[in-house]
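Visitor: Chains as they are written, first to last, in the working numbering: chain X, 1022 to 1288; chain W, 18 to 318. Glycine is no exception: its CB is placed at the ideal position from the N, C-alpha and C atoms. Computed from a predicted model, the values in this text were never measured in an experiment. Structure below; questions to follow.
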Amino acid sequence: MAKPVGFLTDVTLCIGCKACEVACKEWNGLPNNPLDFKGSYDNTGQLDHANWRHVKFMETTTSNPDKPIAWSMMSDVCKHCANASCLEVCPTNAIIRTEFNTVFIQQDVCNGCRDCISACPYGVIGFNQASGTAQKCTFCYDRLQNNLMPACATACPTQSIKFGDLDTMRQAAADRVQTLQSQGISNAQVYGNKEYGGLSALFILTDKPEAYALPSAQSAVLPSRNNIPGYVTATITAVLAGLAGLIAFRRRGESSSSPSPSGQGGG
Amino acid sequence: MPGEHFVVPPHWEWYILGYFFFAGISGGSYVLGTMLRLWGDARDAAAARIAFLISFPTLLVCPILLTLDLGQPLRFWHFLIDDSTGGLAFKAWSPMSLGAWALLIFGVFSFVMFLSALAEAGTVTYRALQTTASFIAGTIGRVFMVVGAVFGLFVAAYTGVLLAVSNQPVWSDTWALGGLFLASALSGAAACLVLATRSRREAQGTDRKLIEADRYFILLELALIILFLATLGGVVSKVLSGGWIILWVIVLAGTLVPLALHWRAGRMKVSLGEGVSLLAPVLVLLGVIALRAVVIFSAQA
């Protein structure tokens, strides 16, 4: 029986080398990115169908004249949420949960409706025009099935990306945060313990989640929250519209002896 | 307070706009046809028949547009059949899944009512069609028609719920879209019916009723537009800025101008002139499209 697996990505150890991106692209046969300069070392831009790992470069100005720019790097990836928004809305059941508790898009089932893209609160999923399907990190499902570590974790030279059993990763995250806080990094925190029922990709952050384009625990809500209010509003509207129809269409001034056509009358 | 998400747009564009429009007109026309048959009089029979004649052809456009929008159009049937298990693909909590099934089921109702309307009109005289018309005229047929209207309401409304059941800014920040799209669809269907009955003398008697109904639907729509904007909170600027204002002007022209024209005509107890009476339903239909366009596109900009 396979155990739930997890990533632990530690921003305090990331040096922005992008070995994870390269390893991911190489293993999964993803296309290269256009050689555009985007005004930053972050020339990947975002997670999408061709970028399943993305090293974000957060550059903030400081008041220290010797260090005017503060750097923070984070290797972002699909969070493989326990309660996954994409899996929830997928109408074709193309998105499934694997035996490793990860979230996987079956490429032969996906019909490219893109509902999952509008649902993912992390902007992880991209649409591949060539295949006509939605694509994202598979957690190297093929490697997991062969007892291999995901390519990104294997390539990471600083152990910023760790891989292992999910419980082990949670414990490692808690220990690391404790260490960082004892070293004076008071903002150190684990991201992913509470959000969406717990993530399989945990992060150690040194700033609030929003600074890394991650929704806070309060904002981590599922699309289905709007089902009941949406249908209730529509139902109330339908009832009011029915009343409007009754008022507008009711019989007025017709002789009772008027012939009733087929399917007509009554009411 | 709306949650802060970092979603990327799904790039639902023109096909989806077209689908939302035609689904609204189809569902709305069926519902109006049903209401006219249930509550109208003998003079409304022709208009009811025309409503069912509009519903099915406009519904036929919907799966075509939906399929064209897919990345893998030949896998459209994956909405209904789970390709990995061979069972049915049905998720009650996924509006897209529900919508795919509703389209299929509503298609049956809409088709039968279409055949019945054809038979009633005497356009086609096959015996099977006459049998269908007789069935619809009976009590069971009437129940059938009403059940179809429930699906018609769903098809007209669920597109708004589909947008809301996401994490996309604007769409997921409000619960008013389902109701708003329904009210707008009924208004558009009434306008469509007014236009379609203009050239049919036997149906012209229903014009006044349709205009009255449209007035109520427009008022409902305006109330829901206010609710929609009010529920958006901080992201309201996303839909009320830049070029979107032009679409809102069309939405307002498609609601307020017809209301004003009919109010004025009612107050002065005169009929609208030929040109003006054509203007009102055309504006309503443009407003229906503009409303969907501003909701769909502004959230993804």
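For X/HIS1075, report the span of its beta strand (DSSP E) as first-last.
Guide: Residues 1074-1082.
Visitor: Residues of chain W with CB under 8 Å from X/GLU1216, in chain order?
Guide: Chain W residues near X/GLU1216: none, gap ~11 Å exceeds 8 Å.
Visitor: Distance, Cα to Cα, X/SER1281 vs X/PRO1112?
Guide: A caution first: X/SER1281 carries a pLDDT of 40, below 50, which makes its placement in the model too unreliable to give a value.
Visitor: Can you tell me where the alpha helix (DSSP H) with W/SER393 in it begins and where it stops?
Guide: In the structure as shown, chain W begins at 18 and stops at 318. Residue 393 of chain W is therefore absent and cannot be evaluated.
Visitor: Give a yes or no on whether the C-beta atoms belonging to W/ALA240 and W/LEU34 are separated by under 8 Å.
Guide: Result no, Cβ atoms of W/ALA240 and W/LEU34 do not sit closer than 8 Å.
Visitor: Where does W/GLU219 land, buried or exposed, given buried means 16+ other C-beta within 10 angstroms?
Guide: By the 10 Å Cβ count, W/GLU219 comes out exposed.
Visitor: Quick test of your reading: W/VAL48 and W/LEU203, contact by CB under 8 Å. State the CB separation rounded to the nearest angstrom.
Guide: Their Cβ separation, rounded to whole angstroms, is 7 Å, which keeps W/VAL48 and W/LEU203 in contact under 8 Å.
Visitor: Where do the N-terminal and C-terminal ends of the beta strand (DSSP E) with X/GLY1027 fall, by residue?
Guide: That run of the beta strand (DSSP E) goes 1026-1031.
Visitor: As a quick exercise: from X/VAL1026, X/LYS1024, X/VAL1032 and X/ALA1023, pick the residue whose alpha carbon is nearest that of X/GLN1180.
Guide: Nearest option by C-alpha distance: X/VAL1032.
Visitor: So if DSSP puts X/ALA1155 in a beta bridge, which residue, or which two residues, is it bridged to?
Guide: X/ALA1155 pairs with X/PHE1148.
Visitor: What three-state label does DSSP hand W/ASP58 in the structure shown?
Guide: Of the three classes helix, strand and coil, the one that applies to W/ASP58 here is coil, per DSSP.
Visitor: Residues of the stretch 1120-1135 of chain X in Cβ contact with chain W at a cutoff of 8 Å, in chain order, please.
Guide: Result list: GLN1127, ASP1129, VAL1130, CYS1131, ASN1132, GLY1133, CYS1134 and ARG1135.
Visitor: Taking Cβ to Cβ, would you say X/ALA1091 is nearer than 8 Å to X/CYS1173?
Guide: Not in contact: X/ALA1091 and X/CYS1173 (Cβ atoms no closer than 8 Å).
Visitor: For chain W, find out if any of its Cβ atoms is closer than 8 Å to the Cβ of X/CYS1141; answer yes or no.
Guide: So yes, X/CYS1141 belongs to the interface.
Visitor: If you compare alpha carbons, which of W/LEU236, W/VAL268, W/LEU210 and W/GLU238 is closest to W/ARG225?
Guide: Ranking W/LEU236, W/VAL268, W/LEU210 and W/GLU238 by Cα distance to W/ARG225 puts W/LEU210 first.
Visitor: Could you tell me the alpha carbon to alpha carbon distance between X/THR1123 and X/GLN1067, rounded to whole angstroms?
Guide: Taking the straight line joining both Cα atoms gives about 21 Å.
Visitor: Should X/PHE1184 be flagged as near chain W, meaning a C-beta pair shorter than 8 Å?
Guide: No, X/PHE1184 lies away from the interface with chain W (no Cβ there is under 8 Å from its Cβ).
Visitor: Could you tell me whether any Cβ in chain X is nearer than 8 Å to the Cβ of W/PRO186?
Guide: Chain X contact via Cβ: absent.
Visitor: Are any of the Cβ atoms in chain W nearer than 8 Å to that of X/VAL1110?
Guide: X/VAL1110 counts as touching chain W.
Visitor: Give every residue of the same chain whose Cβ lies closer than 6 Å to the Cβ of X/PRO1025, excluding the five residues on either side of it in the sequence, and list them in chain order.
Guide: So the qualifying residues of the chain are ASN1122 and LEU1187.
Visitor: For the alpha helix (DSSP H) containing X/ASP1136, name the first residue and the last one.
Guide: X/ASP1136 -> alpha helix (DSSP H) spans 1136-1140.
Visitor: Quick check: is the beta carbon of X/ASN1247 nearer than 8 Å to any beta carbon in chain W?
Guide: Output row for X/ASN1247: interface = yes.
Visitor: Do you know whose CA, among X/CYS1161, X/PHE1078, X/ALA1071 and X/GLY1219, lies nearest X/ALA1103's CA?
Guide: Nearest of X/CYS1161, X/PHE1078, X/ALA1071 and X/GLY1219 to X/ALA1103, Cα basis: X/GLY1219.
Visitor: How would you write the range of the beta strand (DSSP E) that X/TYR1212 sits in, first residue to last?
Guide: Note, X/TYR1212: beta strand (DSSP E), 1210-1212.
Visitor: Within its chain, find whatever has a CB closer than 7 Å to the CB of X/LEU1034; leave out the 5 residues flanking it on each side and keep chain order.
Guide: Here the set comprises THR1179, GLN1180 and SER1181.
Visitor: Spell out whether any CB of chain X is found under 8 Å from the CB atom of W/TYR143.
Guide: Judged by the 8 Å Cβ criterion, W/TYR143 is not in contact with chain X.
Visitor: Put W/TRP29 into one of helix, strand or coil per three-state DSSP.
Guide: It is coil, neither helix nor strand.
Visitor: Shortest alpha-carbon distance to X/GLN1079 belongs to which of X/ILE1146, X/ASP1087, X/GLY1060 and X/VAL1260?
Guide: Position check: residue 1079 of chain X holds Met in this sequence, whereas Gln was assumed. Selected option, being the one with the closest Cα: X/GLY1060.
Visitor: Closer than 9 Å between beta carbons: that is the criterion. Which residues of the stretch 1072-1096 of chain X meet it against chain W?
Guide: Within the stretch 1072-1096 of chain X, no residue qualifies.
Visitor: Using a beta-carbon distance below 8 Å, is X/ARG1271 in contact with chain W?
Guide: With 8 Å as the cut-off, X/ARG1271 counts as an interface residue toward chain W.
Visitor: Sorted by chain position, which residues of the same chain lie with C-beta nearer than 8 Å to X/GLY1144's C-beta, five sequence neighbours on each side aside?
Guide: Closer than 8 Å at the Cβ level, and outside the excluded window around X/GLY1144, lie GLN1067, LEU1068 and ALA1234.
Visitor: Does X/ASP1063 come out as helix, strand or coil in the three-state DSSP assignment?
Guide: X/ASP1063 falls in the coil class under three-state DSSP.
Visitor: Would you list, in chain order, the members of the stretch 186-200 of chain W that have their beta-carbon closer than 7 Å to a beta-carbon of chain X?
Guide: If the cut-off is 7 Å between Cβ atoms, the stretch 186-200 of chain W has SER189, TRP192, ALA193, LEU194, GLY195, GLY196, LEU199 and ALA200 near chain X.
Visitor: Closest to W/ALA282 by C-alpha separation, out of W/PHE96, W/VAL141 and W/SER294, would be which residue?
Guide: Out of W/PHE96, W/VAL141 and W/SER294, W/SER294 has the C-alpha closest to the C-alpha of W/ALA282.
Visitor: Which residues in chain W have a C-beta closer than 9 Å to the C-beta of X/PRO1025? List them in chain order.
Guide: Those within 9 Å of X/PRO1025 in chain W number zero; the least Cβ separation is about 22 Å.
Visitor: Could you say if the stretch 79-88 of chain W and the stretch 129-149 of chain W meet the contact criterion of at least three C-beta pairs nearer than 8 Å?
Guide: Result no; under three Cβ-Cβ pairs closer than 8 Å.
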